[in-house]
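Since the structure comes first, as structure tokens, the remarks are kept for the end.
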Amino acid sequence: MKKPAIIIGIIILIGLVFYICSGPDTEKKEETLVGMETSGVEVNPGSRDAETADDPFVGYEDTDAPPGDAAPVGKNTLSYKFDRDMTPYVYEAMGGFTRIAASEEMTGYVVNFTINRSGLNTSDAGKISHVLSILLPTVVTPGTFTERTGGLIVQYFGPEPGIYYELDQDSPFSITIQEWGGPGGRARGYFSGTLKSNQTSGRVMLHDGRFDASIR
Numbered sequence: 001m002k003k004p005a006i007i008i009g010i011i012i013l014i015g016l017v018f019y020i021c022s023g024p025d026t027e028k029k030e031e032t033l034v035g036m037e038t039s040g041v042e043v044n045p046g047s048r049d050a051e052t053a054d055d056p057f058v059g060y061e062d063t064d065a066p067p068g069d070a071a072p073v074g075k076n077t078l079s080y081k082f083d084r085d086m087t088p089y090v091y092e093a094m095g096g097f098t099r100i101a102a103s104e105e106m107t108g109y110v111v112n113f114t115i116n117r118s119g120l121n122t123s124d125a126g127k128i129s130h131v132l133s134i135l136l137p138t139v140v141t142p143g144t145f146t147e148r149t150g151g152l153i154v155q156y157f158g159p160e161p162g163i164y165y166e167l168d169q170d171s172p173f174s175i176t177i178q179e180w181g182g183p184g185g186r187a188r189g190y191f192s193g194t195l196k197s198n199q200t201s202g203r204v205m206l207h208d209g210r211f212d213a214s215i216r
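The opening position of the sequence shown corresponds to residue 1 in my numbering, with each subsequent residue numbered one higher.
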């Protein structure tokens, strides 16, 4: 798998979905800042604690992963905790899970979440921050996907602009789909685990993650 191609690809995907969502859409009106209004948590604008910069988090397992009956996040939002931070970040969905076939590697259902989509500049990767993108395989059913699941891509720009993280087969990561309603329905689930940067070889841990998004 060619990493530079994936980095370029995800920027194209973000731009594509942002373009799709920028047109007239009754659901878009419903989504506007709903995460900030209904989540009941504060958005953490802070940066990573320098003391955790070299912590590899290898073997991390989220023992506090939400159970099947956990209270969901607000509609069209994603929330998660970053490394050892206990205050969640809350992102809004840029549209919903959208079926794409951009390449052999990038075929399935993609969704992008961001902290501020009006301020997202996809023309300069060095300025992108607070974006989490998920590509699920073409066939999705309730269940758990891991870092070793074929067709699963998770890509993340965190608090530090331009630093990009992705799945690594030596770092545990899981996404559990609790509900998958198909086109016109909704996707709900939770996630946790470690992502690695090819640029810096650093790792970050995302935990207590939950999401709710439409399916197009």
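Virtual Cβ for every residue (Gly too), placed ideally from N, Cα, C.
Residue 84 carries a coil assignment under DSSP once its states are collapsed to helix, strand and coil.
Between residue 145 and residue 100, the gap from beta carbon to beta carbon reaches 8 Å or more. Taking all protein chains in view, the Cβ of residue 94 is crowded by 16 or more other Cβ atoms within 10 Å, so the residue is classified as buried. When secondary structure is reduced to three states using DSSP, residue 99 falls in the strand class. Sorting 188, 165, 105 and 143 by C-alpha distance to the C-alpha of residue 82 places 165 at the top. Distance from the CA of residue 171 to the CA of residue 115, rounded to the nearest whole angstrom, comes to 25 Å. Exclusion of the five residues before and after residue 187 leaves 97, 180, 213 and 215 as the residues of its chain whose Cβ lies within less than 6 Å of its Cβ.
In the displayed model, residue 108 falls within a strand according to three-state DSSP. Leaving aside the five residues that flank residue 120 on each side, the residues in its chain whose CB is nearer than 6 Å to its CB run, in chain order, 114.
Comparing alpha carbon positions, the residue from 127, 182 and 111 closest to residue 134 is 111. Assignment of residue 143 by DSSP, reduced to helix, strand and coil, places it in the strand class.
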